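Peer 1: Heads up: the sequence shown begins at 9 in the working numbering, then just goes up one per residue. In this text, a Cβ means the ideal position worked out from N, Cα and C, and glycines have one as well. These figures come from a predicted structure and were not determined experimentally.
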Amino acid sequence: GALSEIFNYPRKFLKTFCMRGFMQKISDKIYPHGHSKVKAIKQEVLTMGYHTRETNTVPCGYHELNPEMEALLAEYLEDGKRKGLQESSIHLHDKIGHYFLSALADTGCAAPQAMNAQNVGAACLMVSSKWYLSHIRTFLRYAYQARHTDRDYSGIVPLFKRPQPYPSVYTIEEILKIENSVGRDSPHGKRDYAVLLLATRLGIRSGDISSMTFRELDFGRNLILLTQHKTGVDIELPMVPDVKAALKQYLEEERACYDSPYVFLRIVPPYSHISVQAITKIVRTAIMAAGIDPAGRKQGAHAFRSSLASSMVNDNIPYEAVRKALGHTNQNAIQSYASLDVEQLRNYALPVMEATGTFAAFLEGRWRLS
9 GALSEIFNYP
19 RKFLKTFCMR
29 GFMQKISDKI
39 YPHGHSKVKA
49 IKQEVLTMGY
59 HTRETNTVPC
69 GYHELNPEME
79 ALLAEYLEDG
89 KRKGLQESSI
99 HLHDKIGHYF
109 LSALADTGCA
119 APQAMNAQNV
129 GAACLMVSSK
139 WYLSHIRTFL
149 RYAYQARHTD
159 RDYSGIVPLF
169 KRPQPYPSVY
179 TIEEILKIEN
189 SVGRDSPHGK
199 RDYAVLLLAT
209 RLGIRSGDIS
219 SMTFRELDFG
229 RNLILLTQHK
239 TGVDIELPMV
249 PDVKAALKQY
259 LEEERACYDS
269 PYVFLRIVPP
279 YSHISVQAIT
289 KIVRTAIMAA
299 GIDPAGRKQG
309 AHAFRSSLAS
319 SMVNDNIPYE
329 AVRKALGHTN
339 QNAIQSYASL
349 DVEQLRNYAL
359 PVMEATGTFA
369 AFLEGRWRLS
């Protein structure tokens, strides 16, 4: 069965798989969703680049690295840790770095010193996702700066500019409908309502809601004191009356009497804290119940951060104040709010000139291009 398939993977591959922190991801997947351990491990192995066909293991661009390449990747990851990268970013760099070095190995490059324009270019062409290219460019730049290569080959990596989609925004009227659509008489309605208000009124990320503890709630001073998981930065938010009332109603009337430091629990044993995926489901269900057409907009808690930012900038609140209220550490985050500032942009709209002459004739269909 599935368990026997797992043991068909190369021993060194599975050892690497376990040592690089992926088992924590596995445990996070098992309990919130009720998945079996075997299925969770198998799925994670698939995402790392292996698949099975009957009893044969087929490599998909993710191979064991020789010691020199492994050492280079390890140094690169340590450099990222020293620079303060989050654990999730380290895992991503590990995955992409290993994938790229595996592609290099397929070109015949067996050591960092053997890199050249030809094999680096060929390896880049073997990369299936354009999203990896910027990470590969950074990796190659580090390899040169750390004197693992004789030249900086980052310039060979094809340029790929990530598209910047317009942030998903819901109007105030839509958000009120979404909030009011939650049936608070259901077994988990009060919990879902409190979760929703934390996202809509305060713009808290789903990961921070999922892991929220009682130590972060100060009912006496009407404050929510968070250490953001994404940035590691502390943030202080006001516990506005509606949010406070929703939290108290959930805690006093619905939450299971279970000794857990987490605020929001599942309603069935083992009463672990709700997952990020569960919060996304809460938001999607509320949007659907409210009869709101997403029309291509995101349907997770993060959409409410964009909506809150839009509302604040349209109320002439300074961008810097919006950045701090949402807990952004990157100064460049302010730039994204400009695309949300619709009302201010209207002030700079240019009037459309009246068409005359040949252009007017063309618009009216009286003249055609030859």
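(1) Suppose the cutoff is 6 Å on Cβ atoms and the five residues either side in sequence are ignored; what does the same chain contact list for H156 look like?
(2) Just list the beta strand (DSSP E) runs in the stretch 219–286, keeping only unbroken ones of 3 residues or longer that don't cross its boundaries, in chain order.
(3) Spatial neighbours of P269 within its chain, please: C-beta separation below 8 Å, excluding the five flanking residues on both sides.
(4) According to DSSP, simplified to helix, strand and coil, what is M361?
(5) Considering only C-alpha positions, which residue in the set L141, V128 and L233 is nearest to L167?
(6) What's the gap between the Cα of V271 and the Cα of Y356?
(7) Just to confirm my understanding: we take L148, look at its own chain, exclude 5 residues before and 5 after, and list those with CB closer than 6 Å. What are they?
(8) In whole angstroms, what is the alpha-carbon distance linking I282 and V360?
(9) Name the residue from R209, S176, D193 and T235 whose alpha carbon lies nearest to the alpha carbon of L184.
(10) Beta carbon of G88, beta carbon of S96: below 8 Å?
(11) Going along the chain, which residues of its own chain have a beta-carbon closer than 8 Å to the beta-carbon of Q236, five neighbours each way excluded?
(12) So, is Y266 buried or exposed, given that buried needs 16 or more other C-beta atoms within 10 angstroms?
(13) Helix, strand or coil: which one does DSSP assign to Q94?
(14) So within the stretch 74–159, which uninterrupted alpha helix (DSSP H) runs reach at least 4 residues, ignoring any that extend past its ends?
(15) What's the gap between the Cα of R381 and the Cα of A207?
(16) Rank G304, A368 and R199 by C-alpha distance to the C-alpha of R263 and give the top, closest one.
(17) Leaving out the 5 sequence neighbours to the left and right, which residues in its chain are closer than 6 Å to I290 when beta-carbon positions are compared?
(18) Taking Cβ positions, are C132 and V165 nearer each other than 8 Å?
(19) Rounded to whole angstroms, what's the CA-CA distance from L93 to V248? Just pull it up for me.
(20) Mapping DSSP to helix, strand and coil, what is H310?
(21) For a quick check, are the C-beta atoms of A294 and I186 less than 8 Å apart?
(22) With DSSP as the reference, label G373 as helix, strand or coil.
(23) I'd like to check one pair, E83 with A154: are the Cβ atoms closer than 8 Å?
(24) Between which two residues does the alpha helix (DSSP H) carrying R192 extend?
(25) Under three-state DSSP, which class holds K169?
(26) When burial is assigned at 16 or more other CB atoms within 10 Å of the CB, is F367 buried or exposed?
Peer 2: From the atom records:
(1) L80 and P120
(2) Qualifying beta strand (DSSP E) stretches, in chain order: 231–235 and 242–246.
(3) T221, F222 and R223
(4) In the structure shown, M361 falls within a coil segment according to DSSP collapsed to helix, strand and coil.
(5) L141
(6) 46 Å
(7) Y161 and S162
(8) 52 Å
(9) The shortest Cα separation from L184 among R209, S176, D193 and T235 belongs to R209.
(10) no
(11) R213, D216, D242, I243 and G335
(12) Exposed: under 16 other Cβ atoms inside 10 Å.
(13) The three-state reading of DSSP puts Q94 in coil, since its state is none of H, G, I, E or B.
(14) 75–90, 95–114, 125–134 and 141–153
(15) There is simply no residue 381 to check, as the chain begins at 9 and stops at 378 in what is shown.
(16) R199
(17) D200 and V203
(18) Their beta carbons are under 8 Å apart, which means C132 touches V165 by this criterion.
(19) Going by the C-alpha atoms only, they are around 33 Å apart.
(20) helix
(21) yes
(22) coil
(23) yes
(24) Premise fails: R192 is in no alpha helix (DSSP H) and is neither H nor E.
(25) coil
(26) exposed
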